[in-house]
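Undergrad: Going line by line, the protein sequences match chains A and B. Numbered by my numbering, the letters in the first sequence go through residues 36 to 363 in order. Numbered by my numbering, the letters in the second sequence go through residues 3 to 299 in order.
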Amino acid sequence: MNRTVPGAIAEREAEGVLERVLALPTQVIGWRKPATREAIFAYVCLSPWIVHFVILIAGAMFVSLFLSFTKTDLLTGTKWLGLGNYKHLFFEDPLFPQALKVTAIYSFGSVPLTTTLALLIALMLNQNIKLRGAWRTLYYMPSIVSGVAVSIIWAWMFNPRFGLINAALKGIGIANPPRWIFSEEWALPAFILMSLWGAGSNMLLYLAGLQGIPTPLYDAAKVDGANAFQRLLNVTLPMLSPTIFFNLIMNVIGSFQIFTQSYIMTQGGPNNATLTMVLFLYRKAFQQFRHGYASSIAWVLFGIIMALTLLVLRSSALWVYYEGELAK
Amino acid sequence: MNVPSEITMERARRLAVERWLLLAGQILGKIGVHLIVITGAFFFTLPFAWMVSTSLKQGALVFRIPPVWIPPKLIWSNYVIPWTMENFSLFYRNTAIICTLCVLGTMCSSTLVAYAFARLRFPGRGIVFLTVLASLMLPGQVTLIPTYVLFSRLGWVDTWLPLIVPTSLGSAFHIFLLRQYFMTISRELDDAAKIDGCSLLGIFFRIILPLSRPALGVVGIFELMYWWNNFFTPLIYLNRPERMTISIGLRMFQTRDEGHLEWTMAMTVLSVIPLIIVFFIAQRRFIQGIVLTGIKG
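(1) Do you know whose CA, among B:Y183, B:I33, B:L252, lies nearest N89 of chain B's CA?
(2) Does the Cβ of K298 of chain B have 16 or more other Cβ atoms within 10 Å, making it buried, or fewer, making it exposed?
(3) Measure the alpha-carbon distance for N161 of chain A versus H36 of chain B and round it to whole angstroms.
(4) Please report the straight-line C-alpha distance between R38 of chain A and V313 of chain A, rounded to a whole angstrom.
(5) If distances are taken between C-alpha atoms only, which option among B:W22, B:L263, B:L25 comes closest to W371 of chain A?
(6) Mapping the DSSP letters down to three states, classify K68 of chain A as helix, strand or coil.
(7) Give me the DSSP bridge partner(s) of T113 of chain A.
(8) With distance defined between alpha-carbon atoms, name the residue in A:R318, A:F281, A:T311, A:A329 nearest to L345 of chain A.
(9) When DSSP labels each residue in this structure, what does P132 of chain A get in the three-state scheme?
(10) Does any residue of chain B bring its CB to less than 8 Å from the CB of V86 of chain A?
(11) Within the 8 Å Cβ cut-off, does L163 of chain B reach chain A?
(12) If S142 of chain A sits next to S331 of chain A, beta carbons under 8 Å apart, how far is it from one beta carbon to the other, in whole angstroms?
(13) Identify which residue in A:P251, A:L239, A:G168 has its Cα closest to the Cα of I279 of chain A.
(14) Can you round the beta-carbon distance between F119 of chain B and R181 of chain B to whole angstroms, since I take them to be within the 8 Å contact cut?
(15) Quick check: T145 of chain B and S99 of chain A, are their CB atoms within less than 8 Å of each other?
(16) Is it a yes or a no for the stretch 112-127 of chain B touching the stretch 140-160 of chain B, going by three-plus beta-carbon pairs under 8 Å?
(17) Under the assumption that S178 of chain A contacts S236 of chain A (Cβ atoms under 8 Å), give the Cβ distance between them as a whole number of angstroms.
(18) Let me see if you follow: with CB-CB separation under 8 Å, is L199 of chain A close to chain B or not?
(19) According to a CB-to-CB cut-off of less than 7 Å, which residues of the stretch 168-193 of chain B neighbour chain A?
(20) Kindly say whether T172 of chain A, judged by its beta-carbon, lies nearer than 8 Å to any beta-carbon of chain B.
(21) At 8 Å on the CB atoms, spell out the chain A contacts of H36 of chain B, in chain order.
(22) If you draw a straight line from the alpha carbon of I75 of chain A to that of A93 of chain A, how long is it in whole angstroms?
(23) If you draw a straight line from the C-alpha of A77 of chain A to the C-alpha of A134 of chain A, how long is it?
(24) Okay, do the stretch 266-275 of chain B and the stretch 53-70 of chain B touch, 3+ Cβ pairs below 8 Å being the bar?
(25) If you measure between the beta carbons of Y174 of chain A and A43 of chain B, is that distance less than 8 Å?
(26) To the nearest whole angstrom, what separates the beta carbons of L130 of chain A and N307 of chain A, a pair I think is in contact under 8 Å?
(27) Counting only C-beta atoms, is V180 of chain A closer than 8 Å to chain B at any point?
(28) If you count every other CB in all the chains shown that lies within 10 Å of the CB of W22 of chain B, and 16 or more means buried, which is it?
(29) Is there a Cβ from chain A that is less than 8 Å from the Cβ of N241 of chain B?
(30) Under 7 Å Cβ-Cβ, which residues of chain A neighbour N231 of chain B?
(31) I need the DSSP call for R214 of chain A, collapsed to helix, strand or coil.
(32) Comparing C-alpha positions only, which one of B:N231, B:F184, B:Y228, B:G222 sits nearest to I209 of chain B?
(33) Excluding the 5 residues preceding and the 5 following M36 of chain A in the sequence, name in chain order all residues of the same chain whose CB lies nearer than 6 Å to its CB.
(34) If I measure Cβ to Cβ from Y81 of chain B and keep anything under 6 Å in the same chain, skipping five residues before and after, which residues do I get?
(35) In or out: Y239 of chain B buried (at least 16 other Cβ within 10 Å) or exposed?
(36) I need the straight-line Cα distance from P168 of chain B to W230 of chain B, nearest angstrom please.
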């Protein structure tokens, strides 16, 4: 505390002013009861969040739901359509099933692979190895880089003629390596492969989870004659299941919102092979300005994410073990 | 024939072999783990190395097959020429200003909101906190279009307000993180301060905030990284180059495609470097924060 005295006084005065301003509503109404004053003070503190929630979240959701039942664009204004947008989405617009398919394939490819790879890395790094901190940093580093930079780097890595990946593939004797982001079949696998590069943040969570497993459990298992693999299966994995569960949910939610990669690397191509839901939404909303239609896409996306989250949540009773939970 | 001694010798030999095998297995296992870790780390670093290598090459060398890893002559001008072509210093300045304002904004509001949840008694606390938790899981697309319409009606398109204002009204993620941290601070300190005549706001400023420096650091770093990396929001709201952030500036430069891939790579390296520096300075705190909340920034 080597703060200068005038500074401290000024700070105190500023604080006094702020306090008086915040207390103003209390004084105007004239409530003096401490509990009431505390409640009023609490709502003054909460006011930014309440404004945020009421306008930008609840209000916006309400409006967006309303818009999804209308035809709203720059020219016609707003016209009630009922379920028209949704009907068009599911039965008439060929691009929507495509976007749904692309996003689902990406998610079902990337989520299990990322979750598993991160777990394997964490198990390795949890061993007693040299320079553990340095390895951890190296594996984590890709996760701090932005989507744009990652996309630019990987577009170059996947370049069919001059990229590093095909150079390596040719080096090991594959004469006709895939054309990756320029080919309809290989563009999505390329995205999935690339998503593995970001396994570091999941890994950190697993490492924290692994650190939290009490060693007596392992000792007891050893006494019972369990070998390393049995200990992994019967101690580590059950104890880690809440972390796996958390990562799984977050990865599912994140993977369905994939946008930057397809926007920057492929623009949704070739032939819509990487047209993801959010890219589809972006085009409708911000290139064609069909706000009603785009809102219905947003609500379908929301519904899918909710359904998948609930599915994982429901299934968790079967495989997630919480300490302190009673055996059934 | 001396049967018993042969059996004993046999057993001793078998035991020795077994012990030796076990030891060898352990050593081999250890070497194996190190090998796998090193190989994995190699693959994780490769894209970075490839980017840096490309960024220092002469144009003709970029498309050489098989690839050259270390260019015979390092072309540092790859970093200088594109920098002025697209006014990158402006993009950096803009991004830095936006990040600073967002960090300050969310610090001011989220701390107060979190304080109310962690310490104050008021009717409706459960419900209001539920709104925070629900917002945490909400995919942003459902609120995107009305928010965009609102901001464009307010004339905020092509200003930084759509980026700064929402987070300055409190972000669900930071509120949750700070509330969790505030809950760990002993209430006895509050009571002691109250007895000494400290007001509720005084407790916030004199007790909660000074004791929460680590959590505030985490919030600051997350917010900084988020806005440095964010692509979608600036893409929607910022059109004029004078307003742009580094992420869309970089994208714009990439689409201009001057036929110099090494320039794009050099600018990508530069866009990443500040983040890596911040990460290395604040690494411990950063990892703590991720572990504390379970979500990356």
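C-beta atoms are modelled at their ideal positions from N, C-alpha and C, and glycine is treated no differently.
TA: Based on what the coordinates show:
(1) In the second sequence, the residue the question calls residue 89 of chain B occupies position 87. With distances taken between Cα atoms, N89 of chain B lies closest to B:L252.
(2) One-based indexing of the second sequence puts residue 298 of chain B at position 296. Caution is warranted here: a pLDDT of 41 is assigned to K298 of chain B, below 50, making its placement in the model unreliable, and the coordinate value is therefore given only provisionally. So K298 of chain B counts as buried.
(3) As a working note, residue 161 of chain A is residue 126 in the first sequence. As a working note, residue 36 of chain B is residue 34 in the second sequence. N161 of chain A and H36 of chain B have their C-alpha atoms some 12 Å from each other.
(4) Locating residue 38 of chain A in the first sequence gives position 3, counting from the first residue. Locating residue 313 of chain A in the first sequence gives position 278, counting from the first residue. Because the pLDDT of R38 of chain A is 43, which lies under 50, any placement of that residue in the model is unreliable, and the question is left without a value.
(5) Residue 371 of chain A lies beyond the residue range present for chain A, which begins at 36 and ends at 363; the question has no answer from this structure.
(6) Along the first sequence, one-based indexing puts residue 68 of chain A at 33. K68 of chain A falls in the coil class under three-state DSSP.
(7) Numbered from 1 along the first sequence, position 78 holds the residue referred to as residue 113 of chain A. Beta-bridge annotation (DSSP): T113 of chain A is paired with A:T107.
(8) Residue numbering aside, residue 345 of chain A sits at position 310 when the first sequence is read from its first letter. Ranking the options by Cα distance to L345 of chain A, first place goes to A:F281.
(9) The residue you call residue 132 of chain A lines up with position 97 of the first sequence. Assignment of P132 of chain A by DSSP, reduced to helix, strand and coil, places it in the helix class.
(10) Numbered from 1 along the first sequence, position 51 holds the residue referred to as residue 86 of chain A. The beta carbon of V86 of chain A falls within 8 Å of a beta carbon belonging to chain B, placing the residue at that interface.
(11) Walking along the second sequence from the start, residue 163 of chain B turns up at place 161. Interface flag for L163 of chain B against chain A is unset, since no Cβ pair is found closer than 8 Å.
(12) Counted from its first residue, the first sequence places residue 142 of chain A at position 107. Counted from its first residue, the first sequence places residue 331 of chain A at position 296. The C-beta distance from S142 of chain A to S331 of chain A rounds to 21 Å, too long to fall under 8 Å, and the pair is not in contact.
(13) For this step, residue 279 of chain A is matched to residue 244 along the first sequence. Checked all of A:P251, A:L239, A:G168; the closest Cα to I279 of chain A is A:L239.
(14) As a position in the second sequence, residue 119 of chain B is number 117, starting the count at 1. As a position in the second sequence, residue 181 of chain B is number 179, starting the count at 1. Cβ-Cβ separation between F119 of chain B and R181 of chain B: approximately 5 Å, consistent with a contact (criterion under 8 Å).
(15) Counting from one through the second sequence, the residue named residue 145 of chain B turns up at place 143. Counting from one through the first sequence, the residue named residue 99 of chain A turns up at place 64. Yes, they are a contact pair.
(16) They do not touch, by the three-pair rule.
(17) Here residue 178 of chain A is taken as the residue at index 143 of the first sequence, counted from 1. Here residue 236 of chain A is taken as the residue at index 201 of the first sequence, counted from 1. Contact holds; Cβ gap of about 4 Å.
(18) As a working note, residue 199 of chain A is residue 164 in the first sequence. Under the Cβ distance rule, L199 of chain A counts among the residues neighbouring chain B, one pair being separated by less than 8 Å.
(19) Residues P168, L171, G172, I177.
(20) For this step, residue 172 of chain A is matched to residue 137 along the first sequence. It does: the Cβ of T172 of chain A has a partner Cβ on chain B nearer than 8 Å.
(21) Mapped onto the second sequence, residue 36 of chain B falls at position 34. Those within 8 Å of H36 of chain B in chain A are I164, K165.
(22) In the first sequence, the residue the question calls residue 75 of chain A occupies position 40. In the first sequence, the residue the question calls residue 93 of chain A occupies position 58. Cα-Cα distance, rounded: 23 Å.
(23) Residue 77 of chain A sits at position 42 when you count from the first residue of the first sequence. Residue 134 of chain A sits at position 99 when you count from the first residue of the first sequence. Going from the Cα of A77 of chain A to the Cα of A134 of chain A covers about 45 Å.
(24) They touch, by the three-pair rule.
(25) Here residue 174 of chain A refers to the residue found at position 139 of the first sequence. Here residue 43 of chain B refers to the residue found at position 41 of the second sequence. Closer than 8 Å, so yes.
(26) As a first step, residue 130 of chain A is located in the first sequence; it is residue number 95 there, counting from the start. As a first step, residue 307 of chain A is located in the first sequence; it is residue number 272 there, counting from the start. Contact annotation, L130 of chain A with N307 of chain A: C-beta distance approximately 7 Å; criterion of less than 8 Å satisfied.
(27) Here the question's residue 180 of chain A lines up with position 145 in the first sequence. Between V180 of chain A and chain B, the shortest Cβ-Cβ separation is below 8 Å.
(28) On the second sequence, position 20 is the one that residue 22 of chain B refers to. When all chains shown are included, W22 of chain B counts as exposed.
(29) The count along the second sequence starts at 1 and reaches residue 241 of chain B at position 239. Residue-level contact by beta carbon fails for N241 of chain B and chain A, as no gap is shorter than 8 Å.
(30) One-based indexing of the second sequence puts residue 231 of chain B at position 229. Those within 7 Å of N231 of chain B in chain A are S181, G182.
(31) Translated into the one-based positions of the first sequence, residue 214 of chain A becomes position 179. Correct three-state label for R214 of chain A: coil.
(32) As a working note, residue 209 of chain B is residue 207 in the second sequence. Of the candidates B:N231, B:F184, B:Y228, B:G222, the one whose C-alpha sits nearest the C-alpha of I209 of chain B is B:F184.
(33) Taking the first residue of the first sequence as 1, we reach residue 36 of chain A at position 1. Because M36 of chain A carries a pLDDT of 37, less than 50, the predicted location of this residue cannot be relied on, and the following value inherits that uncertainty. Cβ within range, chain order: n/a, list empty.
(34) Position 79 of the second sequence holds residue 81 of chain B. Within the same chain, Y81 of chain B has close Cβ partners A268.
(35) Here residue 239 of chain B refers to the residue found at position 237 of the second sequence. Looking at its Cβ environment, which holds 16 or more other Cβ atoms inside 10 Å, Y239 of chain B is buried.
(36) As a working note, residue 168 of chain B is residue 166 in the second sequence. As a working note, residue 230 of chain B is residue 228 in the second sequence. Distance between the alpha carbons of P168 of chain B and W230 of chain B is about 16 Å.
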